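Only one structure is covered here, and it is reproduced in the block below.
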Amino acid sequence: MDLGLSGRVAAITGATSGIGAACARALAQEGCEIVAADLRPAPAGQLPEGWLAVEADVASADGGRRVVDAALERFGRLDVLVACAGIYETGALDDVDADRWDQVMAVNLRGTFLCAQAAIAAMRPRGWGRVITLASIAARNGGRLAGPAYVASKAGVVGLTRSLAHAAGPHGITVNCVAPGVIDTPMTGVMGDAAKAQLAGGTPLRRNGRPEEVADVVAMLASERAGFVHGALVDVNGGLAMG
Ligand SMILES: NC(=O)c1ccc[n+]([C@@H]2O[C@H](COP(=O)([O-])OP(=O)(O)OC[C@H]3O[C@@H](n4cnc5c(N)ncnc54)[C@H](O)[C@@H]3O)[C@@H](O)[C@H]2O)c1
Numbered sequence: 004m005d006l007g008l009s010g011r012v013a014a015i016t017g018a019t020s021g022i023g024a025a026c027a028r029a030l031a032q033e034g035c036e037i038v039a040a041d042l043r044p045a046p047a048g049q050l051p052e053g054w055l056a057v058e059a060d061v062a063s064a065d066g067g068r069r070v071v072d073a074a075l076e077r078f079g080r081l082d083v084l085v086a087c088a089g090i091y092e093t094g095a096l097d098d099v100d101a102d103r104w105d106q107v108m109a110v111n112l113r114g115t116f117l118c119a120q121a122a123i124a125a126m127r128p129r130g131w132g133r134v135i136t137l138a139s140i141a142a143r144n145g146g147r148l149a150g151p152a153y154v155a156s157k158a159g160v161v162g163l164t165r166s167l168a169h170a171a172g173p174h175g176i177t178v179n180c181v182a183p184g185v186i187d188t189p190m191t192g193v194m195g196d197a198a199k200a201q202l203a204g205g206t207p208l209r210r211n212g213r214p215e216e217v218a219d220v221v222a223m224l225a226s227e228r229a230g231f232v233h234g235a236l237v238d239v240n241g242g243l244a245m246g
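Everything in the sequence shown is counted per my numbering, starting at 4 for the first residue and increasing by one.
Structure follows, in structure tokens:
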């Protein structure tokens with residue numbers, strides 16, 4: 004199936020690792036120009052030819068603007084944003100102090116907002132765009148291993164996505180949210196093998212997911228084919244949570 008993405012310009016935050024890296028590969032495979040943004044960008048020479056690496060902290064006030072400006076400067080436009088940068092938190096209730104709470108919120112929620120705000124401003128004049136945010140199954144089930152700041156930040160991303168959908172939809176820009184279950188990436192490495200195996204065992208598919216399985220859904224949402232999917236929350240969780 005041709006997703007109609009050839010020649011589109013896609014910016015992915017958190018593009019150095021895990022799901023973000025897989026999204027960048029999937030969108031490149033569909034013919035997109037790639038802006039790979041991360042706090043720790045891939046060293047020069049290690050990115051595929053033609054990709055633009057951008058060093059940006061999405062939690063900073065100008066992080067989102069830096070990513071979008073880099074896309075505009077190199078490619079003249081931005082069509083797709085995948086806001087994937089995120090940090091995890093496993094704190095027990097009494098262990099999460101104010102600084103850690105603020106840090107998780109700043110990256111996961113404020114960072115997603117600022118990147119989307121800058122991206123939508125750049126997409127609006129062209130009357131076409133795709134914004135895909137990353138929530139988590141934890142926003143729905145309260146998190147089995149994730150702590151309160153992570154859960155709250157991801158629940159915030161769900162609400163934020165719906166607010167953005169109201170604002171951006173009239174301009175031809177769709178905004179959707181993907182909620183992964185347990186995916187094998189460096190982020191879930193901190194859970195430990197035993198806990199991950201237990202989660203896999205409780206999943207109807209009896210396994211955890213691969214980053215590519217999230218990226219394929221993101222690519223579909225970014226495509227022409229998903230033009231009427233808007234404000235949606237799409238689970239990619241192997242059935243770990245349903246309904
Ligand atoms: N892996 C999972 O099981 C899972 C499940 C649900 C949701 N998610 C979400 O998917 C997204 C990607 O997760 P992942 O598993 O690929 O994680 P990961 O840790 O493998 O990758 C996250 C990337 O984000 C980057 N990053 C962190 N803070 C940043 C900042 N301030 N500015 C810019 N970049 C920053 C990191 O450098 C890293 O490259 C996250 O938002 C995460 O919360 C993951």
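Ideal placement from N, C-alpha and C gives every residue a C-beta, glycine not left out.
Bear in mind that the values here come from a model prediction, so they are computed numbers and not experimental data.
Span of the beta strand (DSSP E) around residue i
{"i": "residue 137", "result": "132 to 137"}
{"i": "residue 179", "result": "176 to 183"}
{"i": "residue 112", "result": "Where residue 112 is concerned, there is no enclosing beta strand (DSSP E), given that its DSSP letter is neither H nor E."}
{"i": "residue 237", "result": "236 to 239"}
Residue i beta carbon near ligand 1 (any heavy atom closer than 7 angstroms)
{"i": "residue 43", "result": "yes"}
{"i": "residue 189", "result": "yes"}
{"i": "residue 38", "result": "no"}
{"i": "residue 90", "result": "yes"}
{"i": "residue 30", "result": "no"}
{"i": "residue 238", "result": "no"}
{"i": "residue 166", "result": "no"}
{"i": "residue 134", "result": "no"}
{"i": "residue 155", "result": "no"}
{"i": "residue 102", "result": "no"}
{"i": "residue 208", "result": "no"}
{"i": "residue 151", "result": "no"}
{"i": "residue 137", "result": "yes"}
{"i": "residue 93", "result": "no"}
{"i": "residue 66", "result": "yes"}
{"i": "residue 186", "result": "yes"}
{"i": "residue 20", "result": "yes"}
{"i": "residue 144", "result": "no"}
{"i": "residue 111", "result": "yes"}
{"i": "residue 87", "result": "yes"}
{"i": "residue 183", "result": "yes"}
Limits of the unbroken alpha helix (DSSP H) element including residue i
{"i": "residue 26", "result": "21 to 32"}
{"i": "residue 105", "result": "101 to 108"}
{"i": "residue 196", "result": "196 to 204"}
{"i": "residue 193", "result": "Where residue 193 is concerned, there is no enclosing alpha helix (DSSP H), given that its DSSP letter is neither H nor E."}
{"i": "residue 154", "result": "151 to 171"}
{"i": "residue 142", "result": "141 to 144"}
Local Cβ density within 10 Å of residue i, reported as buried at 16 or more and exposed below that
{"i": "residue 58", "result": "exposed"}
{"i": "residue 105", "result": "exposed"}
{"i": "residue 126", "result": "buried"}
{"i": "residue 208", "result": "exposed"}
{"i": "residue 4", "result": "exposed"}
{"i": "residue 214", "result": "buried"}
{"i": "residue 38", "result": "buried"}
{"i": "residue 112", "result": "buried"}
{"i": "residue 205", "result": "exposed"}
{"i": "residue 162", "result": "exposed"}
{"i": "residue 77", "result": "exposed"}
When the options are compared against residue i, the one with the closest alpha-carbon
{"i": "residue 124", "options": "167, 193, 110", "result": "167"}
{"i": "residue 254", "options": "35, 18, 17", "result": "Since the first residue of the chain shown is 4 and the last is 246, residue 254 is not available in this structure."}
{"i": "residue 245", "options": "210, 91, 182", "result": "182"}
{"i": "residue 164", "options": "31, 234, 80, 52", "result": "234"}
{"i": "residue 43", "options": "16, 65, 67, 32", "result": "16"}
{"i": "residue 52", "options": "75, 27, 64, 61", "result": "27"}
{"i": "residue 81", "options": "89, 109, 72, 162", "result": "72"}
{"i": "residue 40", "options": "56, 225, 109", "result": "56"}
{"i": "residue 174", "options": "142, 135, 128", "result": "128"}
{"i": "residue 83", "options": "96, 120, 91", "result": "120"}
Identified DSSP bridge partners for residue i
{"i": "residue 186", "result": "212"}
{"i": "residue 39", "result": "15, 56"}
{"i": "residue 75", "result": "DSSP, once it has assigned bridges, lists no residue as partnering residue 75."}
{"i": "residue 83", "result": "13, 133"}
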